[in-house]
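Have a look at the structure below before the remarks.
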Amino acid sequence: MVRENPAALLARLIPGQSFALTGGTVINDDGSQSASDIIVGADGRITVVEPFLDTGSCGACIDISGMLVSPGFVDAHQHLDKTGVLRFTPNPSGTLQGAREAFAKYARTAGPDDIHKRATRTIGRCLSRGTTAIRSHINVDKDAGFHGIETLAAIRDAEKHRITLQLVAFMTPHPGQDFEWLGNNIDGAVALADAVGGTPAVSEDPPRYLDILFSAAVKSGKPIDLHLDEHLNAGVHLIDAALERVERFGMQGRTVFSHVSVLSALPRREFQRIAERLDKLNVGVVTLPAANLYLQGRDYEMLPPRGLTRVAELHRAGITIATASDNIQDPFVPTGSGDMLEIARWTLLAGHLRGDELSAAHSMITTAPARLMGLGKDYGFRPGARADFVITDCIDTDTLIAGGPDRAFVFSNGRLVSQSTTENIRLKENA
Numbered sequence: 003m004v005r006e007n008p009a010a011l012l013a014r015l016i017p018g019q020s021f022a023l024t025g026g027t028v029i030n031d032d033g034s035q036s037a038s039d040i041i042v043g044a045d046g047r048i049t050v051v052e053p054f055l056d057t058g059s060c061g062a063c064i065d066i067s068g069m070l071v072s073p074g075f076v077d078a079h080q081h082l083d084k085t086g087v088l089r090f091t092p093n094p095s096g097t098l099q100g101a102r103e104a105f106a107k108y109a110r111t112a113g114p115d116d117i118h119k120r121a122t123r124t125i126g127r128c129l130s131r132g133t134t135a136i137r138s139h140i141n142v143d144k145d146a147g148f149h150g151i152e153t154l155a156a157i158r159d160a161e162k163h164r165i166t167l168q169l170v171a172f173m174t175p176h177p178g179q180d181f182e183w184l185g186n187n188i189d190g191a192v193a194l195a196d197a198v199g200g201t202p203a204v205s206e207d208p209p210r211y212l213d214i215l216f217s218a219a220v221k222s223g224k225p226i227d228l229h230l231d232e233h234l235n236a237g238v239h240l241i242d243a244a245l246e247r248v249e250r251f252g253m254q255g256r257t258v259f260s261h262v263s264v265l266s267a268l269p270r271r272e273f274q275r276i277a278e279r280l281d282k283l284n285v286g287v288v289t290l291p292a293a294n295l296y297l298q299g300r301d302y303e304m305l306p307p308r309g310l311t312r313v314a315e316l317h318r319a320g321i322t323i324a325t326a327s328d329n330i331q332d333p334f335v336p337t338g339s340g341d342m343l344e345i346a347r348w349t350l351l352a353g354h355l356r357g358d359e360l361s362a363a364h365s366m367i368t369t370a371p372a373r374l375m376g377l378g379k380d381y382g383f384r385p386g387a388r389a390d391f392v393i394t395d396c397i398d399t400d401t402l403i404a405g406g407p408d409r410a411f412v413f414s415n416g417r418l419v420s421q422s423t424t425e426n427i428r429l430k431e432n433a
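Numbering (the working numbering), first residue to last: 3 to 433.
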């Protein structure tokens, strides 16, 4: 066996070369772990994942004994058009409405070059931390116009071999101008996107607005992902109205509700009724702990709420629930590094998951968001899937979530794109 240094590892695992990873522990789709070898083809896709494989035909073979292999992390809700604008968009109130107003003002002057620079920087940081797929909501309205979605569509297409990027046409309602502008522009925006989105709670006419969004989704054949009830007013919510449209428009299994913070403000019996409808209609949920912890409950004089939806109860009820970054360093969330392990920990703590549910938090940044984004057979450890995974020195899933790795190696589309260190990784050439 020839021991190689990190530079040799990088030099040998070049595009177009097949390789094998042997001796590692793989986290499977169902959360179980198994000792398996992985062969990645020259096309950057997984060929086979099984124990004790014959790796003689591979261009290189890397012994990763004692290391854990997770599917790539999936961030199912970001705002790449807003990322990194914190210094330019003060939000003294720290509220959701304050953030909306701050970004709306900035969006009027944000050109394609500015958006491209900020978005690509955040994408790179996310990828370096193990995120191999992102769904981003992109404002389309009178302030932002089409600059954001056109710029991100170009990035999505240019970077498709490096990262999976989905765009949601986030049709942002404006008082007094919702429907004329929306009607004239929604088809063009959706044509550039991968999903249809919006925020009904701030529309002047939520039922009409919802009908327009669902009609556009059906017309385009694309899924829908709503910012739904990002507030804690139990007396005013649109969940039932949205669920009625899921059923009427035939969008079962193709709808995601993001935030739904109001569920935590509803009586438990009312929540349980809604959870049963979510389950019946196969509607997924995305929780955004950073934004909800930061923005919600600032007007409470006593016992300010956490602001999240009922994370633990949705999970235990069998609802597909993912967690995501939401905003990164902007007026909505002033912090953020693109590290989904950090988000998973926030979710576990703020969402009242238990210490024996660390693996659930892992699923919320891997298989659950992959399901909600419809990644299907292109994700995970199965033949033909993109070779998107993270190798760490953690001993199991619980250790990965609880404290994270000291060493990590990120692969996207079969290429090593980031590494924290390569000590004790051994490369051997097949004869």
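The beta carbon of each residue, even a glycine, is placed where N, CA and C say it ideally should be.
Could you pull out every residue in the same chain whose Cβ sits closer than 6 Å to the Cβ of residue i, ignoring the five residues on either side in sequence?
i      : result
Leu23  : Ile40, Ile64 and Ile66
Ser422 : Arg409 and Ala410
Ser20  : Gly43, Ala44, Cys60 and Gly61
Cys396 : Leu70, Leu402 and Pro407
Ser361 : Gly33 and Thr399
Asp31  : Thr369 and Gly382
Asp145 : Ala106, Ala109 and Arg110
Pro336 : Leu88
Ser266 : Thr311 and Arg312
Glu232 : His261 and Ser263
Taking residue i as part of the alpha helix (DSSP H), name the residues at either end of that continuous run.
i      : result
Asp189 : Asp180 to Leu194
Gly150 : His149 to Ala160
Met342 : Met342 to Ala352
Phe2   : The first residue shown for the chain is 3 and the last is 433, placing residue 2 beyond what the model contains.
Gln331 : Counting along the chain, Gln331 falls outside any alpha helix (DSSP H), and DSSP gives it neither H nor E.
Gln19  : Looking at the DSSP string, Gln19 is not in any alpha helix (DSSP H), and its letter there is neither H nor E.
Ser205 : Neither: Ser205 is in no alpha helix (DSSP H) and is coded neither H nor E.
So, are the CB atoms of residue i and residue j less than 7 Å apart?
i      : j      : result
Ala370 : Thr322 : yes
Arg388 : Arg47  : yes
Phe334 : Gly74  : no
Val76  : Asp332 : no
Ile393 : Val71  : yes
Asn141 : Phe172 : yes
Leu240 : Phe259 : no
His176 : His139 : no
Thr257 : Val285 : yes
Gly100 : Arg300 : no
Leu184 : Ile214 : yes
Gly118 : Thr153 : A small correction: the amino acid at residue 118 is His; Gly does not occupy that position in the sequence shown. In contact: His118 and Thr153 (Cβ atoms closer than 7 Å).
Ala155 : Ile188 : no
Excluding the 5 residues preceding and the 5 following residue i in the sequence, name in chain order all residues of the same chain whose CB lies nearer than 7 Å to its CB.
i      : result
Gly340 : Thr124, Arg127, Cys128, Arg131, Thr133, Ser327 and Ile330
Arg1   : Residue 1 cannot be examined here, being either before or after the span of the chain that is shown, 3 to 433.
Gln298 : Leu234, Ser263, Pro307 and Gly309
Ala352 : Pro291, Leu295, Arg308 and Leu310
Ala104 : Thr91, Pro92, Asn93 and Pro333
Thr122 : Ile157
Hey, out of the options, whose CA is closest to residue i's CA?
i      : options                           : result
Met375 : Ala195, Lys144 and Asp159         : Ala195
Ala197 : Val220, Ala346, Ile226 and Thr153 : Ile226
Leu55  : Leu82, Gly25, Leu228 and Ala372   : Gly25
Val287 : Leu230, Pro17, Lys162 and Gly357  : Leu230
Gly455 : Asp213, Thr174, Pro269 and Arg384 : Since the first and last residues shown for the chain are 3 and 433, residue 455 lies out of range.
Pro385 : Gly416, Arg250, Asp358 and Leu212 : Gly416
His149 : Ala160, Ile136, His354 and Asp116 : Asp116
Arg210 : Arg300, Arg247 and Gln35          : Arg247
Arg250 : Leu283, His261, Arg318 and Thr91  : Leu283
Arg120 : Leu350, Thr85, Thr91 and Ser38    : Thr85
Arg275 : Asn294, Ala319 and Gly255         : Ala319
Met253 : Phe273, Arg271 and Lys224         : Lys224
Ala1   : Val220, Ala135 and Leu350         : There is simply no residue 1 to check, as the chain begins at 3 and stops at 433 in what is shown.
Asn186 : Gly338, Ser414, Gly147 and Leu280 : Gly147
Since residue i is in the beta strand (DSSP E), which residue starts that stretch and which ends it?
i      : result
Gln274 : That residue, Gln274, is in no beta strand (DSSP E); its alpha helix (DSSP H) goes Arg270 to Lys282.
Thr257 : Thr257 to His261
Ser420 : Arg417 to Gln421
Val335 : No beta strand (DSSP E) holds Val335; DSSP gives it neither H nor E.
Asp227 : Ile226 to Leu230
Val445 : Residue 445 lies beyond the range of the chain shown here (3 to 433); nothing can be said about it.
Thr394 : Phe391 to Thr394
Val50  : Ile48 to Glu52
Arg137 : Thr133 to Val142
Pro73  : Leu70 to Pro73
Val170 : Thr166 to Met173
Thr57  : Run containing Thr57: none; DSSP gives neither H nor E here.
Asp39  : Gln35 to Val42
Apart from the five residues on each side of it in sequence, which residues of its chain come closer than 8 Å, Cβ to Cβ, to residue i?
i      : result
Arg356 : Ala314
Pro208 : Pro202, Leu240 and Ala243
Ser36  : Thr27, Val28, Asn30 and Pro53
Checklist entry - Do the stretch 48-55 and the stretch 164-179 meet, that is, are 3 or more Cβ pairs less than 8 Å apart? => result Output reads no: the stretch 164-179 does not touch the stretch 48-55.
Checklist entry - Do the stretch 394-403 and the stretch 180-194 make contact, defined as three or more Cβ pairs closer than 8 Å? => result Result no; under three Cβ-Cβ pairs closer than 8 Å.
Checklist entry - Using 8 Å as the Cβ pair cut-off and three pairs as the minimum, do the stretch 196-212 and the stretch 112-119 touch? => result Output reads no: the stretch 112-119 does not touch the stretch 196-212.
Next on the checklist: I'd like to know if the stretch 354-369 and the stretch 309-321 are in contact, where contact means that at least 3 CB-CB pairs between them fall below 8 Å.
Outcome noted: The stretch 354-369 makes contact with the stretch 309-321: 3 or more CB pairs, one atom from each, lie closer than 8 Å.
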